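Chains F and L, in that order, give the protein sequences. Heads up: the first sequence runs through residues 226 to 370, numbered per our numbering. Heads up: the second sequence runs through residues 226 to 370, numbered per our numbering. Beta carbons: idealized from backbone N, C-alpha and C, even for Gly. Being a predicted model, the structure only gives us computed values, none of them experimental.
There are 2 protein chains.
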Amino acid sequence: MQPFAHPYKNANMKSLDTILIAYGAAWHERDPQKRMAYLETCWAEDGRYVDPNGDVAGRDGLAAYMDAFHEQAKGAKIIVTSQPNPHHEVAHFTWAMVAVGGFPLLKGHDFATLDQDGRIVQLVGFFGDPEPFNKKKGLLSWFKH
Amino acid sequence: MQPFAHPYKNANMKSLDTILIAYGAAWHERDPQKRMAYLETCWAEDGRYVDPNGDVAGRDGLAAYMDAFHEQAKGAKIIVTSQPNPHHEVAHFTWAMVAVGGFPLLKGHDFATLDQDGRIVQLVGFFGDPEPFNKKKGLLSWFKH
């Protein structure tokens, strides 16, 4: 992993590894109190989570979003699937949604912005990969606009 | 391409395709006036560009960063290599740096935030892909921390 050159580096700042392990654990933990402990580690008090399906703020907002996911997901899990690629106050990592048994349902990208304590103050999630240009269809639809 | 559900959608807003074509063209255009016209199309007045090598603000700041790239790049070019994957006010797309003759030197991810007119107000660039966890080395170094 590259050294993390966060411009706000300070003595109280948690490592990015600690942040991401806690974030991944929060998606797995169903006990509200334990999950909140993970979120207190990794998530800024007013941190924003936004993906194509939702846009929520704060630890309670994200916890409610996670609950809604589990209610619909029938045992599927969100897993962090890469190490972070960080620079300045930002980091890119990948995730997957896997069904019971490990079957992959969806993959995606997360872009995190960290606050001065290293906690996630914004996380933007994308579903899938951007569609490459090397498909005839993609290229033509682009120039049609 | 998915419909672009920008929450600030308004009559003056440019399409994301227009924005990205102009942004890609700005990286190719060496004439300062023509390039500035592209940047006026795609880049917010105080828009921030940040990647592992730099952190600049405004159209002049980005233009100077592009000049510095061309001075060092010996004919290499930056190319947008995917369609955008957008939602809300954000979009993910990929890029590549290719040498003269088309040899790929570096690939990466761009994460853009758009302002109310659809212009890029922040673009965060990442070099390469996040390192996956499915390598023994990656996984062990993660848990060593």
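Residue i to residue j, Cα distance in whole Å?
{"i": "Asp-354/L", "j": "Glu-265/L", "result": "30 Å"}
{"i": "Pro-311/F", "j": "Ala-262/L", "result": "32 Å"}
{"i": "Phe-229/L", "j": "Leu-241/L", "result": "Residue confidence is low: Phe-229/L scores 46 on pLDDT, short of 50, so the model does not pin down where it sits. No coordinate-derived value is stated."}
{"i": "Arg-284/L", "j": "Cys-267/L", "result": "10 Å"}
{"i": "Tyr-274/L", "j": "Lys-239/L", "result": "20 Å"}
{"i": "Pro-329/L", "j": "Asp-292/L", "result": "20 Å"}
{"i": "Lys-299/L", "j": "Val-281/F", "result": "45 Å"}
{"i": "Gly-286/F", "j": "Ile-244/F", "result": "18 Å"}
{"i": "Gly-279/F", "j": "Ala-250/L", "result": "33 Å"}
{"i": "Leu-257/F", "j": "Asp-340/L", "result": "As written in the sequence, residue 257/F is Pro, which differs from the Leu given in the question. Taking the straight line from one Cα to the other gives about 36 Å."}
{"i": "Ile-345/L", "j": "His-253/F", "result": "35 Å"}
{"i": "Tyr-290/F", "j": "Val-325/F", "result": "20 Å"}
{"i": "Pro-277/F", "j": "Gly-327/L", "result": "34 Å"}
Strictly by DSSP, which residues pair up with residue i?
{"i": "Thr-319/L", "result": "His-334/L"}
{"i": "His-312/F", "result": "Val-315/F"}
{"i": "Trp-268/F", "result": "Ile-345/F"}
{"i": "Tyr-374/L", "result": "Because chain L is modelled from 226 through 370, residue 374/L falls outside the range shown and cannot be assessed."}
{"i": "Lys-302/F", "result": "Val-323/F"}
{"i": "Leu-339/L", "result": "Ile-345/L"}
{"i": "Pro-357/L", "result": "Ser-307/F"}
{"i": "Pro-329/F", "result": "Val-323/F"}
Return the residue from the list the options that minimises the CA-CA distance to residue i.
{"i": "Thr-319/F", "options": "Tyr-263/F, Leu-348/F and Glu-296/F", "result": "Leu-348/F"}
{"i": "Lys-332/F", "options": "Phe-351/F, Ala-316/F and Tyr-274/F", "result": "Phe-351/F"}
{"i": "Thr-306/F", "options": "Val-323/F, Phe-294/F and Ala-298/F", "result": "Val-323/F"}
{"i": "Ala-269/L", "options": "Asn-278/L, Ala-247/L and Gln-258/L", "result": "Ala-247/L"}
{"i": "Arg-255/F", "options": "Thr-243/F, Asn-278/F, Gly-343/F and Phe-294/F", "result": "Phe-294/F"}
{"i": "Gly-343/L", "options": "His-334/L, His-313/L and Asp-335/L", "result": "His-313/L"}
{"i": "His-317/F", "options": "Pro-277/F, His-334/F, Leu-339/F and Asp-271/F", "result": "His-334/F"}
Decide if residue i is buried, meaning its Cβ has at least 16 other Cβ atoms within 10 Å, or exposed.
{"i": "Glu-296/F", "result": "exposed"}
{"i": "Leu-364/F", "result": "With a pLDDT of 47 at Leu-364/F, under the threshold of 50, the modelled position of this residue cannot be trusted, and the question is left open."}
{"i": "Arg-260/F", "result": "buried"}
{"i": "Pro-357/L", "result": "exposed"}
{"i": "Pro-309/L", "result": "buried"}
{"i": "Gly-272/L", "result": "buried"}
So residue i and residue j are in contact, right, with Cβ under 8 Å, and what is the actual spacing, rounded?
{"i": "Val-315/F", "j": "Ala-337/F", "result": "7 Å"}
{"i": "Ala-288/L", "j": "Ile-304/L", "result": "Contact flag wrong, Cβ pair sits at about 18 Å."}
May I ask you to check if the CB of residue i is nearer than 7 Å to at least one heavy atom of the ligand PLP?
{"i": "Ala-262/L", "result": "This structure lacks the ligand PLP, and indeed carries no ligand of any kind."}
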